[in-house]
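Some notes on the structure that comes next.
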Amino acid sequence: MAPKVLISDKLSEAAVQIFRDRGIDVDFMPDLGKDKEALLAAIPKYDGLAIRSATKATEKIINAADNLKVIGRAGIGTDNIDKDAASKKGIIVMNTPFGNMTTTAEHAIAMMFAVARQIPEASASTHAGKWEKSKFMGVELTGKTLGVIGAGNIGGIVCDRAKGLKMKVLAFDPFLSEEKADKMGVTKVELDELFEKADFITLHVPKTEQTANMITAERLAQMKKGVRIINCARGGLVDEDALAAALKSGHVAGAAFDVFAVEPATESPLFNLPNVVVTPHLGAATTEAQENVALQVADQMANYLLTGAVENALNTPSITAEEAKVMGPWVELASHLGNFTGQMTDEPIKAINILYDGTVAQMNLEALNCAVVAGIMKKANPDVNVVSAPVIAKDKGIQISTTNQDKTGAFDGYIKVTVVTEKRERSVAGTVFSDGKPRFIQIKGINIDAEIGQNMLYTTNEDVPGIIGLLGNAMGKNGVNIANFTLGRAAVGGEAIALLYIDHPIPDDVITALNTTGMFKQVRPLAFDVK
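In terms of this note's numbering, the sequence shown is residues 1370 to 1900.
Here it is as C-alpha cells:
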C-alpha cells in the first residue's frame, strides 16, 4: 500500500507532483492547516504531513496522528511543531535549511541598506508629494563594521555579501573555529567586543533558551552610539521594549526587523518609530525560495517514506540515500542485536554498551545507536522506533556508551551489544556477510554462525550428549519445522547454547515439554522483524 501524505499549507504544485511521481498518495489541502479541528479529524490516516508556517502541529494533533511517520517543514523554522511530542510518538521532524538561505541573507542585506538610507520613509514622503531631500540623510556601508551574530548557513552568506560591500566583518558564533573564520575572511570575536565595535548588528541564530532575549537593555547600553540593528532570524531574540526605548533616546540610530516576538505582529513597540523598517516575516518570501523549499521537503519526505533515508532531521540522526544503501543491512543487524538482548532481559536496564569494529566503525554511528536502542526497547513497547527510543531510554536513566575500533578479528566489521542490569551483563555480536544478510556471530562470548529468522528458539545447557535429539524430537512431534540449527559451546563439558531458526512461532506446550526434561538452563522463544 502506497504511503499517504497530507499537504495542509500552500506549497508549490511541483512539490505535489514529486509525491505523485514517486508513487505516494498525496492530498493537497492548502487551507486545512488553518482549521485545527478539521486537521485533527483528518490526520490519523496519513503517514506524512508537509507544512509551512500556517499549520500548527501541536501535541494534540500529533497524539491523534496514529499512522504519522514524518512531518516535513518547507523552511527552516519549526516553532510551529511540538518536537518533544513528535519524538515521543516516534515521528521524524525534518526541515529544509538550505532552500531559502540565499533569500533570507539577501533580505537582511536589503534591510541593512533600507535602514542605512531611510529608504521606506523617503519613499512614503515622496509618494505623498513631498520633496524632502534634506530630511533623509543616510550613512554609507563601505568601511563600516558589521557584527554578525551567528555565522552558520545564512550568517555566512551575509558575511560574504558584506565583504563585497567593503565592510569589516566581526562574527560571534560559539561553533566558529579560528580556521573557518580566517577562511571566511572575518574576525571571530566574543559578544562583548562585537557590541562595542559594530556599526551595524545582524542576527542569524535560532531561538533557544540560550538566545531568547539575548539583546536586552543592558546589552543595548554596551553598543556604540548610533548602532543600527537588523533581525531577520527569529522574533524574541531582542527585547522590543528596550530597543524602542534605545531608539527614542537616540542611542540606537535605526532598526530593521522582519520577525517579532508575537506573530502575526499587529502591534509592536517598534511600529511607527522613525527610521525603523519593518516587514511581515518576508525573509524566505521569494518565488525561488518557496519553490526550492517545497521541492526539497517533498524529496526528503518521499525518500524517507520509500527508502528510509533521513535528511535534515531535527530529532534523529540523518542518513543520506547513499548511506541508506550501504548501511541498510547494518541498521537491520543493529536492530536485531538490540532486539535479542531486549527479549533476553527481564530486569531494569542500567546501561547499554555498543562496540563497533572494523568497517562499520566508519559509518553513521548515531543512526546505528538509535537502531540498537529501539530494538532493545521493543520488548517493553512494541510501538517504539529509532526516534522515540533514545527519548525513552533517557527518561529511564539508561546510560548509553559507544566504542569504535579498527578491525581486530576475522570479520571486516562487527557490532557487539552489551546490556547491563543490577544482576548481570548480557552480550551478543553480529556481522553482515557479503550477501547482505545479518548474522549472529557470538552470544555470551560463545562463537556461533546463526542466520536470523522471524521465529527462533534459544536454549542454554551443559555440554552433554542428547541435546540435539531432544530439540529435534520436540519440534518434530509438534509439527514445527527447523529451517536452521546452530550450536556453540564455551568448552568441552562447559556451557553450550543452541539457536534454532524455525518456520512458525513455537507453541507454549513445546516450551513446557523442553523445560520438564531438566536438561536446559533456559528455553526462550524469540521473534525478529526480518525483512
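All residues carry an ideal CB built from backbone N, CA and C; glycine is no exception.
- If you compare the alpha carbons of Thr1787, Tyr1870, Ala1860, Pro1807 with that of Asn1850, the shortest gap goes to Tyr1870.
- Three or more Cβ pairs drawn from the segment 1370-1386 and the segment 1659-1676 lie within less than 8 Å of each other, which places the two stretches in contact.
- If you look at Pro1807, you'll find it in the beta strand (DSSP E) that goes 1807-1812.
- Its chain contains Leu1702, His1705, Leu1706, Tyr1783, Ile1784, Pro1807, Arg1808, Phe1809, Ile1810 as the residues whose beta carbon lies nearer than 7 Å to that of Gly1799, once the 5 sequence neighbours on both sides are disregarded; these appear in chain order.
- For Lys1532, the uninterrupted alpha helix (DSSP H) segment begins and ends at 1522-1533.
- One Cα belongs to Asn1684, the other to Gly1605, and the distance between them is close to 23 Å.
- The C-alpha of Thr1585 lies about 28 Å from the C-alpha of Thr1472.
- Take Thr1790, set aside five residues on each side of it, and the residues of its chain with a beta-carbon closer than 8 Å to its own are Thr1714, Glu1716, Pro1717, Ile1718, Lys1719, in chain order.
- Pro1372 sits buried, since 16 or more C-beta atoms from the chains shown fall within 10 Å of its C-beta.
- In the three-state reduction of the DSSP assignment, Glu1794 falls in the strand class.
- Listed in chain order, the alpha helix (DSSP H) runs fully inside the segment 1388-1471 are 1405-1411, 1428-1433, 1452-1458, counting runs of at least 4 residues.
- Under DSSP, the beta-bridge partners assigned to Gly1727 are Gly1782.
- Around the Cβ of Pro1759, a 10 Å sphere holds 16 or more other Cβ atoms; the residue is buried.
- In this structure, the beta-carbon distance from Ile1769 to Val1788 does not fall below 8 Å.
- As the crow flies, the alpha-carbon of Asn1773 is around 6 Å from that of Leu1724.
- Shortest Cα-Cα distance from Asn1853 to any of Met1844, Ala1678, Val1861, Cys1528 involves Met1844.
- The continuous beta strand (DSSP E) containing Ser1770 extends over residues 1768-1774.
- Following the DSSP letters along the chain, one finds Leu1734 inside the alpha helix (DSSP H) bounded by residues 1734-1746.
- Between the segment 1581-1595 and the segment 1521-1529, the count of Cβ pairs shorter than 8 Å is below three; the stretches do not touch.
- The Cβ-Cβ distance between Pro1413 and Ile1376 does not fall below 8 Å.
- For Gly1512, the three-state secondary structure derived from DSSP is coil.
- In the DSSP assignment, the residues bridged to Arg1893 are Tyr1827.
- At a Cβ-Cβ threshold of 8 Å, Ile1598 and Val1621 count as neighbours.
- Note on Phe1544: under 16 other CB atoms within 10 angstroms of its CB, so exposed under the neighbour-count rule.
- When C-alpha distances from Val1833 are compared across Leu1856, Pro1466, Ala1479, the shortest belongs to Leu1856.
- In this structure Ala1693 does not touch Thr1571 by the C-beta definition: roughly 38 Å separates them, more than the 8 Å allowed.
- Shown here for Ile1761: same chain residues with a beta carbon closer than 6 Å to its own, the five before and five after excluded, namely Met1746 in chain order.
- Exclusion of the five residues before and after Ala1671 leaves Ile1387, Phe1388, Arg1391, Ile1393 as the residues of its chain whose Cβ lies within less than 7 Å of its Cβ.
- Excluding residues up to 5 positions away in sequence, Ile1445, Asn1522, Asn1681 lie with their Cβ nearer than 7 Å to the Cβ of Pro1466 in the same chain.
- Taking a 10 Å sphere around the C-beta of Asp1568, we find 16 or more other C-beta atoms and assign the residue as buried.
- For Asp1818, no alpha helix (DSSP H) segment is defined; the enclosing uninterrupted segment is the beta strand (DSSP E) at 1815-1820.
- Linking Ala1653 to His1496 through their CA atoms gives a straight-line distance of about 27 Å.
- Boundaries of the alpha helix (DSSP H) around Glu1660: 1656-1676.
- The alpha carbon of Leu1734 has as its nearest neighbour, out of Lys1763, Ile1767, Val1700, the alpha carbon of Val1700.
- The segment 1531-1547 and the segment 1509-1518 touch, with three or more beta-carbon pairs separated by less than 8 Å.
- CA-to-CA, the gap between Lys1452 and Ser1422 works out to about 15 Å.
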